[in-house]
Amino acid sequence: MTTITTISHIEPVVRVRRITLGRIFIYLFLFGMSAFFLFPLVWMFLSSFKPPTDIAAVPLQFDLSTFSLANYEAMFRNVPILSGFKNTLIVILLKGSITLLFAPLAAYAFAKLRFRGRQFLFNIVLATLMLPPIVMLIPLLLQMGSLGWVNTFQALVLPGAISAFYIFLMRQQFADVPDELLDAGRVDGCSSFQLYRLIVLPMMRPALSALAILVFLDVYNDFVWPSLVTNSIDMQTLQVMLSYLYTQINNAAVGTTGSNAWGQVMAASAIATIPLLIVFIVLQRHFIRGIMAGALKG
130 MTTITTISHI
140 EPVVRVRRIT
150 LGRIFIYLFL
160 FGMSAFFLFP
170 LVWMFLSSFK
180 PPTDIAAVPL
190 QFDLSTFSLA
200 NYEAMFRNVP
210 ILSGFKNTLI
220 VILLKGSITL
230 LFAPLAAYAF
240 AKLRFRGRQF
250 LFNIVLATLM
260 LPPIVMLIPL
270 LLQMGSLGWV
280 NTFQALVLPG
290 AISAFYIFLM
300 RQQFADVPDE
310 LLDAGRVDGC
320 SSFQLYRLIV
330 LPMMRPALSA
340 LAILVFLDVY
350 NDFVWPSLVT
360 NSIDMQTLQV
370 MLSYLYTQIN
380 NAAVGTTGSN
390 AWGQVMAASA
400 IATIPLLIVF
410 IVLQRHFIRG
420 IMAGALKG
C-alpha cells in the first residue's frame, strides 16, 4: 500500500541576518571611508555657490544666506567652457567609435583565429605596454607636425585610438567564449566575421559596455596629449581648458582677483564633474559586470 502525504501548507523560510559587532564595525569603517573620499567633491560643489572670499575661510562652513550663482555667471561670461565640452564630446565620439570597432576585432583574432605568427604578434602588442606613455609624446608630436595635424581633431583622435591595453582586455574576454559554439557556427556555414558578429558580440555585451566606459573616462580625463597638440583655445578639450582656467580668467577680466578666479574655477570644475557622476551612477552595474565577466571560470 502506498501512502501519499499531502503538504497543504509550507512555512516560508525566513533568513534573518544577524547583526554582529564585527559587521557594525565594517559598516562604520566603510561609511567613514566614503565620507573621507566624498568630502572634497562635496566641498567643491558647495564652494561653487559661495562668495569667492569665503571659499578658503577657516573653519570651512557654508552659509545658506550667501548662496549665489555669481561664480557660474562670471565663469560662463569669461571662459568658453562650452567649447571645451564640444571638443571633448567630438573626440569621445570619434575616438570611442574607432576603439570599439577595431580593438574587439583585433582581440577576437588573437583569441579565436589560428594563423601563423599569432602569438608573436600578440607578444609585440603586449610589449608596447611596457613603454611609458611619456616616452612617445615627443615622437608623436613631431609626427603630427610633419603631417600638418597640430591643433586638429586628427591629432586628438588618432594617436592612441587603438590601445594595446584595450586589445589585451578584450582578448581575455573573448578567450572564454566556448570553441564548441564557434565550431557549431562553422558547421552551419558561418564565416569568421559572421561568427564574430552573430555569436561572439552578443555574448560580449557586458565586456563591450565596460570597454566603452573605460574609453569615455580615458578620453574625458586626458590632459597631457591634448595640452601638447593644441595651441588655440578653440581646439582645447575640457581638461586642458580647466587647467588654464585661472590664467584665462585673469587675462579675460581685467582686475579679477585671485579669490574671484578660484570661485569660477570651482564652478567650472563642478560642471565638468557632472558627466562623470552621471556615467558612474547610470552605468556602474554594466561596468562591474563587464570587468568581472570572464574573471571566474566555471
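To get my numbering, take the position in the sequence shown, counting from 1, and add 129.
Glycine included, every Cβ here is placed at the ideal spot set by N, Cα and C.
As the structure is a computational prediction, the values presented were derived from the model and not from experiment.
#1: Look up residue 245 in the DSSP assignment and say whether it is helix, strand or coil.
#2: With DSSP collapsed to three states, give me the class of residue 364.
#3: At the level of alpha carbons, what is the spacing between residue 356 and residue 315?
#4: Mind listing, in chain order, the continuous alpha helix (DSSP H) runs of no fewer than 4 residues lying wholly within the stretch 234–316?
#5: In the DSSP assignment, the alpha helix (DSSP H) including residue 206 goes from what residue to what residue?
#6: Check residue 373 in the structure and name its three-state DSSP category.
#7: Are the Cβ atoms of residue 297 and residue 340 separated by less than 8 angstroms?
#8: Taking the alpha-carbon positions, what's the residue 361 to residue 369 distance?
#9: In terms of residues, what are the limits of the alpha helix (DSSP H) holding residue 169?
#10: Just verifying my parser: in three-state terms, what is the DSSP assignment at residue 318?
#11: Which residue marks the beginning of the alpha helix (DSSP H) containing residue 180, and which one marks its end?
#12: Rounded to the nearest angstrom, what separates residue 281 and residue 224 at their Cα positions?
Answer, in terms of the structure:
#1: Taking the first residue of the sequence shown as position 1, residue 245 is located at position 116. Coil.
#2: Your numbering for residue 364 matches position 235 in the sequence shown. Reduced to three states, the DSSP call for residue 364 is coil.
#3: The residue you call residue 356 lines up with position 227 of the sequence shown. The residue you call residue 315 lines up with position 186 of the sequence shown. Taking the straight line from one Cα to the other gives about 49 angstroms.
#4: 247–256, 266–276, 282–286, 293–303, 308–316
#5: Position 77 of the sequence shown, counted from the first residue, corresponds to residue 206. Taken as a continuous stretch (DSSP letters only), the alpha helix (DSSP H) holding residue 206 covers 199–207.
#6: The residue you call residue 373 lines up with position 244 of the sequence shown. Coil, per DSSP.
#7: Numbered from its first residue, the sequence shown carries residue 297 at position 168. Numbered from its first residue, the sequence shown carries residue 340 at position 211. No, Cβ-Cβ distance for residue 297 and residue 340 is not below 8 angstroms.
#8: For the purposes of this step, residue 361 is identified with residue 232 of the sequence shown, where counting begins at 1. For the purposes of this step, residue 369 is identified with residue 240 of the sequence shown, where counting begins at 1. Whole-angstrom Cα-Cα distance: 11 angstroms.
#9: Against the sequence shown, residue 169 aligns to sequence position 40. Per DSSP, residue 169 belongs to the alpha helix (DSSP H) from 150–176.
#10: Indexing the sequence shown from 1 puts residue 318 at position 189. It is coil, neither helix nor strand.
#11: Against the sequence shown, residue 180 aligns to sequence position 51. Here residue 180 belongs to no alpha helix (DSSP H), and DSSP marks it neither H nor E.
#12: Here residue 281 refers to the residue found at position 152 when the sequence shown is read from its first residue. Here residue 224 refers to the residue found at position 95 when the sequence shown is read from its first residue. Using only the alpha carbons, I get a separation of about 13 angstroms.
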